[in-house]
Each structure stands twice: as structure tokens, then as C-alpha cells.
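Numbering (this note's numbering), first residue to last: 32 to 704. Ideal Cβ placement from N, Cα and C applies to all residues, glycine included. Source: prediction; values computed, not measured.
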């Protein structure tokens, strides 16, 4: 169950964010954002200039106020993004209780505080016990309430010896008894890491973000040199520009818009993942999700619903379809597997054959075993069996019956079509074939088509034979498949794709998936999986829903699209401000350039002040977009670039002209400059 996003203007978040905005004025914090650091220095110098100002003191005071607002608005954007994470962290902390653990020492138990547990300790948990720390079930099976972590109210099963053995500290056992081996170190539990991540406390800048920061720093340096040269130029032209004016001009021309929103965009990407119950162990993983172009998906539970279901009855010669359905249903009444239940349901739907009461001593149920590969029932003198084709054939031949060539053909046709054939026999008489098929999830083909439009190639991984895999791949609409895949095959395939220059994502939940999860650029481990899988992946899906990988890709791409869109807007914004301000500043000295003052700004002072005010207000106007993200569309990179240039590039050029002119009119009317 996904968490609801709090409103941007929720006072519980916005209120503390205002205080955090001032705390972030600390130079040690501000220097992490070079653009805002330069703006902050400019605000300090402009404030200092007030002391020596003469007639233009009121103008300089206004400049200083709006320069400080520019820095504070940028800090506010980051603080709001962090505040949304802290709100979730607070709810997660409620799951971490001061728990006493029942640690095993030989055959006896001792009560110890949960923080005193060490890696390798064995603890016992029974009904209503809170699991004290992350671990792995080594004995027993139990229902566990993970609502405090995942938000999902339905309990989950945790048991030893499988891919559902991992348990998380802070969750609660609601039935039975289990022994748990502690796998986490003190203060480094899954919950601790999750809290730190959603708070943004340990969020490291991603390579893309670092590269963009370097670009913004370079642009800042270039404009700094440009503005510095204006001082001697002004002296030469008998138009001495004051230092506050030059500082204000610098702040308007450097990329303050994207510089002020960059951190908020990165933090919000992680926040959007958390709201879908996915924990990323690094911002790099979120970003990589937006760049992947190969997606490896396990067939069972991801592309198909997880269990094969009866789809058709294929009778043998001389047998009606209803007779086959009746025999198959009788053989399946005691079969509690999803496949067995589906046979009972199909017979009921097709022929209205209802289940019968086969009570002892009139019926003897034959359970499936790996040796016989058959199951069935002995009832009222009938001996009905269903199972693998070769096993039923041997059974019929042993009873002196015949195995029709037509049934052999039905088995072959079913296998070629990617289905599982179960042969049904009543004594020595072969009744026909029940076909089981993987049921492809509804809408999955359309989602793969969306991914294809985004330039992502999908690869289905399955242990099925090539014929079955090909049939399911065609129905699901994946681009490629791997049949009879072993852990080594998965790892080899990922390395091959990466060697060819691709970024690869995959899902997994078992220990045998751990090498591939670690190798993939984006490895999404299921929370129900083993500890090895959770540690190997760089994301953990708390809902353990393998199809979530598609949403993760969309969130990653939305993060990159948002960053790209706002960067495009910011650079176009700066270009517009350059051509809006410079002509207004110089037209008094050089009347020949007056035609370039296309906005007819009132004066150099009003032009500068209008630009500074606009520069501050545009940051806060874009905070909602930075936090929510640019609306996602499944389109290719060329289409994204065209859309960015059309909407954010053109918008970034036009909006400053309109905004600065309107502010100039207000300033002039109020005689503020």
C-alpha cells in the first residue's frame, strides 16, 4: 500500500522548512551548492554596502533583501523535500520500539535488550512478539505483520529454508513460533538504513548530479568573469557600475534557478520511490533506473500470475470432452494446488460438473510424489490418475491398456504451444489431456509496449524449456527471453549486456539471484526474499511485487526528465535575463542600443531590481514542479528533447520578459526605483 504524499503547503512540513532555510545559511552547508554559495556571498557584500551607501541606500536595501530571499527560497525547496522524507521517517521510527529479545543460550532463553544483540545471535519469537532485529528464519514458520514497514495490513508468511526467510526488525509475529538468526549489525538494521535514506541524511550526489553541478559552477565562473570586466568598462565609459549592481547582475545571470532546485529534485526522486514502498540504498540507483535500456524480468509472478491454470480439455478418441472433464475433476478434488483447483473450476464452468463428496472409506486419495509424478483417486471401483504424460503412459501399459498415438500427438502439440500437458487415465483407459497454461497478467503486454517506446528492451527469464518460453514470450510481448536459465546464465547475460554498453535492471528474491542482483546496474530485491538478495540489490521492494520494476524505471526517468526540463528552463531563463537587463543598463551611455531595450524598462535601476525580484520568485514558483516531477510520458529521448525545448526552452525565454516587465511596472508605479 503506497503512502500518500503530503501537500506542499502542509504546515507540518512547510513550517519546519522555514526554520531549516535559515539554518542552511551556514557557509559549511551552503558551499555544497556552489551557485547558491556565490549568491550568498553576494547577499553578504550587498548588505555590507548598505553601511556606506548614499542616496541610493533604499535601492541597495531592496537588492540585499531580494538576494537573501533568493538564497532562502532555494534552501526552502531543499528543506521541504527533506521534510517530506522526515515525515515518513517519523512514522518508521514508530515501528522501532524498545524491545526485549529472547536470546538462546544453548537450550535456555535469556532476556536481553534488542540493541545488545550481535550478528549471529539466535532469538526465539512467538505470537505477539516484536522481532528485535533483522534476521533470517532458521527454524519454524510463522505469520508476520509487516504493516509498520510496508503499510500493508495483510500478514505474510516467513519460513526457514526458502526464499521467504528474511525478517525485519520492528515487525510482529502474529502466529506460531520461529527461531531467527540475527544478520544485522548494531545500529545498521534495515530500518535504520531506511530511516537515514528517507531523511536524506546520507544522500550522496549521483554522478549525473555531480556533472551538472560542475557545469553550473563553470557557468557561474564564466559570468563572474563577464561581470568583473564590466567594472573597468564602466569606468572607461563614464558609467561607473556600483558593486551592488554588479552583484545583482551576476546573481541574475548565473543559473540560480536550477542551482536552487537541484537538491530538491534529487531528494524528491527518492521520496517518490518510498511512496511506492521501494527503498533505494543510494541516489545513484534511482538515477540509473532512468537510464536503463535492458530490463530482465522473471517469468513467474512477474509476467504470469505465478501458477499454471487449466485452460482446455483434449479428449482421446472415443471419449467426450465432458467425460474427460468429469474424470479430471474427480482426480483433482483432493488436489489443493492452484493447478488442481483450476481443473475443478474449469470442469464446473464448462459442463456445470460440481465437486462430489469423496468421503472415507469410499475413496482413497493418491497424492503426487516425485517418484510416481501422478495423483488421483480410487473411488467406486474406478482408479483415476492424472499426471506427466510418460508416467501415465507407463501406468496404463502396466495395466495392459493401450496408449493412443492421438494422445501422444496432443501432448506434443500442447508442449509446442508452451503449455503443460497432464494426461488423465481411468484404469487402463486413457481419457485425454488437460492443458495447463501460464496466465499472462492483464495489461502487461501494453506496459512492455510502453517500455519499448522508451527504448527499453525487455528480456524474460525462465527455467522453462525453449518452446514453452517462446510461446509465453510471444503472448506477453517481450523482446527476448532466456529459457532454462541458471544463476550463472543470468550473471553471464547481464555482463554481456553491460559490455555492449547497456544499463541493466533486474529483480530477484532468492540467494541464487544475489550475484545477478549485485552485477545489475539496478537490482531490485524483494523484501520477502533472503537476506543475501536484499543485501545484493541496490533497491528493496517492500511490497515484494516484481512488476514494481516497471514503476521504478518510470520514476527514474521522471527524475532525469525533471532535471533536464528545469535545467533547460534555467539556461533559457538566464539568456532572456541577459538580453533584458544589459540593454537597459547601457542605453543611457550608449543611446544607439536603445532599440534593444525591447521591454522599454523604466531605468537601469528598475531593470536590475525587477530582474532580482523575478529571479527569487521563479525559484519558489517552480518548487512544486521540482517536488512532484515533470509529468511522465513513455516517449523516446528525441521526443523528450523536443518537448523540453518547446515547453521549457521557449517558456524559459518568454516568461522572464513578461515577468520582469510586470515587476518593472509595479516598481515604477510604487516609486521603488
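- The Cβ atoms of residue 43 and residue 106 do not sit closer than 8 Å to each other.
- DSSP, reduced to helix, strand and coil, places residue 328 within a strand of the structure shown.
- Secondary structure of residue 452 (DSSP, three-state): strand.
- Rounded to the nearest angstrom, the gap between the Cα atoms of residue 145 and residue 171 is 21 Å.
- When only Cα atoms are considered, residue 366 and residue 396 end up about 9 Å apart.
- Contact fails between the segment 321–332 and the segment 629–642, because fewer than three Cβ pairs, one in each stretch, are under 8 Å apart.
- Shown here, residue 68 sits in a helix according to DSSP, grouped into three states.
- Annotated as proximal: residue 420 and residue 454, with beta-carbon spacing under 8 Å.
- Residue 307 and residue 417 have their C-alpha atoms spaced approximately 43 Å apart.
- Annotation for residue 592: the continuous alpha helix (DSSP H) segment containing it runs 579–617.
- Looking only at 530, 398, 77 and 359, the smallest Cα-Cα distance to residue 381 is reached by 359.
- Between residue 95 and residue 83, the beta carbon gap of about 13 Å keeps them out of contact (Cβ cut-off 8 Å).
- The beta carbons of residue 507 and residue 484 sit about 16 Å from each other, so the pair does not count as a contact at 8 Å.
- Taking the C-beta atoms as reference points, residue 157 is found nearer than 8 Å to residue 204.
- Secondary structure remark: continuous alpha helix (DSSP H) runs of at least 4 residues inside the segment 342–392, in chain order: 352–363 and 369–382.
- For residue 682, the enclosing alpha helix (DSSP H) has its first and last residue at 681–700.
- For residue 471, the beta-bridge partners assigned by DSSP are 335.
- Each of 629, 498, 163 and 600 was checked against the Cα of residue 610, and the nearest Cα belongs to 629.
- In the structure shown, residue 159 adopts coil according to DSSP, grouped into three states.
- DSSP places residue 517 outside any beta strand (DSSP E), giving it a letter other than H or E.
- With 16 or more other Cβ atoms from the protein chains shown falling within 10 Å of its own Cβ, residue 579 counts as buried.
- Fewer than three Cβ pairs drawn from the segment 342–358 and the segment 570–589 lie within less than 8 Å of each other, which leaves the two stretches out of contact.
- The residue from 385, 450 and 648 with its alpha-carbon nearest to that of residue 498 is 450.
- In the structure shown, residue 260 falls within a helical segment according to DSSP collapsed to helix, strand and coil.
- The residue from 64, 675, 370 and 553 with its alpha-carbon nearest to that of residue 294 is 64.
- For residue 114, the CB contacts under 7 Å within the same chain, skipping 5 residues up- and downstream, are 44, 47 and 48 in chain order.
- Looking at 607, 344, 631 and 434, the one whose alpha-carbon comes closest to that of residue 683 is 607.
- Inter-residue distance for residue 206 and residue 653 is about 50 Å (C-alpha atoms, whole angstroms).
- DSSP links residue 503 through a beta bridge to no other residue.
- Around the beta carbon of residue 528, 16 or more other beta carbons lie within 10 angstroms, which makes this residue buried.
- Rounded to whole angstroms, the separation of the alpha carbons of residue 342 and residue 474 is 19 Å.
- Taking all protein chains shown into account, residue 285 has 16 or more neighbouring C-beta atoms within 10 Å of its C-beta and is therefore buried.
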